[in-house]
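Encoded as structure tokens, the structure appears first; notes follow it.
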Amino acid sequence: MKAVQFRQMKDGTKEEYEFLEQHEIEYVAGLPDRIISALRNLEHTLSGYQVTRLEHSLQTATRAEADGADEEIILAALIHDIGDDLSPYNHSQLAASILRPYVRPEVTWIITQHGLFQNYYYAHFFGGNPNERDYLKDHPWYQSCVDFCEKWDQASFDPDYPTKPLKYFEPLVRKIFSRPPFSEQYVGAQTMGRSAVDIAISGVGV
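Below is the structure:
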């Protein structure tokens with residue numbers, strides 16, 4: 001079989017869907033390469049800073065590693081702005097969606113919220129509320145996101161900081177994005193319908 005015969009999903013057969021599933025498995029195996037390629041493309045996206053978006057991402061990950069962060073947080077630091085190109089006004093959620101099947105909910109939540117938390121540093125210049133993030137103060141991962149932004153993200157626009165190259169982080173990208181998606185070992189238990197991860201991302205409970 002080179003392609004399925006159905007033109008509407010409701011007409012597909014078991015054999016056709018098994019065929020498609022195998023294609024998907026083979027395609028997903030190339031995800032780490034596509035992530036690395038997308039990171040390279042950050043070299044040519046949003047400008048105006050003293051570092052490129054790629055250099056900012058690498059510097060954020062380098063700082064996280066230097067502070068003893070675990071591998072999932074380092075990876076999150078590396079790809080936290082990967083959505084800038086296609087999703088400039090909700091890039092945080094795009095990056096979090098990429099991470100979600102492979103890391104613990106805390107990491108996904110931090111990346112989901114980091115755009116909001118970064119507003120603390122400049123929203124007032126545009127008439128915004130820099131403390132808008134405070135509605136999440138009772139969330140158990142609130143301080144983790146504050147720390148992510150303060151120690152690593154907002155600090156990583158320094159062209160003189162000794163930043164590690166993308167090649168250094170490639171094994172980590174391949175390691176985590178080759179995990180089985182939504183594995184209970186990494187992501188935790190899922191519930192029927194709305195998952196614990198969805199609840200965590202929404203900021204309501206854990």
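With the UniProt record's numbering as the guide, the letters of the sequence shown map in order to residues 1 to 206. Every residue gets a Cβ at the ideal spot worked out from N, C-alpha and C, and that includes glycine. Predicted model, so just to flag it, every value in this text is computed and none were measured.
- In this structure, 100 is the residue among 172, 133, 100 with its C-alpha nearest to the C-alpha of residue 184.
- Inter-segment contact for the region 133 to 148 and the region 23 to 42 is absent: fewer than three beta-carbon pairs are separated by less than 8 Å.
- For residue 141, no alpha helix (DSSP H) segment is defined, and its DSSP state is neither H nor E.
- Non-local C-beta neighbours of residue 111 in its own chain, meaning closer than 7 Å and more than five positions away in sequence, comprise 76, 80, 92, 95, 96, 99, ordered along the chain.
- Within the region 21 to 55, the runs of alpha helix (DSSP H) at least 4 residues long that lie entirely inside it are, in chain order, 31 to 41.
- 8 Å or more divides the Cβ of residue 106 from the Cβ of residue 116.
- Around the C-beta of residue 65, 16 or more other C-beta atoms lie within 10 Å, and the residue is accordingly described as buried.
- Three or more beta-carbon pairs separated by less than 8 Å are not found between the region 41 to 49 and the region 11 to 21, which leaves the two stretches without contact.
- Between the region 162 to 169 and the region 122 to 130, the count of C-beta pairs closer than 8 Å stays below three; the two stretches do not touch.
- For residue 181, the CB contacts under 6 Å within the same chain, skipping 5 residues up- and downstream, are 101 in chain order.
- For residue 151, no alpha helix (DSSP H) segment is defined, and its DSSP state is neither H nor E.
- Setting aside the 5 residues that flank it on each side, residue 38 is surrounded in the same chain by 82, each with a C-beta closer than 6 Å to its C-beta; the list follows chain order.
- Put simply, of 84, 142, 86 the residue whose alpha carbon is nearest the alpha carbon of residue 108 is 142.
- For residue 164, the CB contacts under 7 Å within the same chain, skipping 5 residues up- and downstream, are 58, 62 in chain order.
- Note on geometry: alpha-carbon atoms of residue 119 and residue 187 lie some 28 Å from one another.
- Only residues of its own chain outside the window of five on either side were considered, and among them 110 have a CB closer than 6 Å to the CB of residue 144, listed in chain order.
- Taken in chain order, the complete beta strand (DSSP E) segments of 3 or more residues contained in the region 58 to 130 number zero; there are none.
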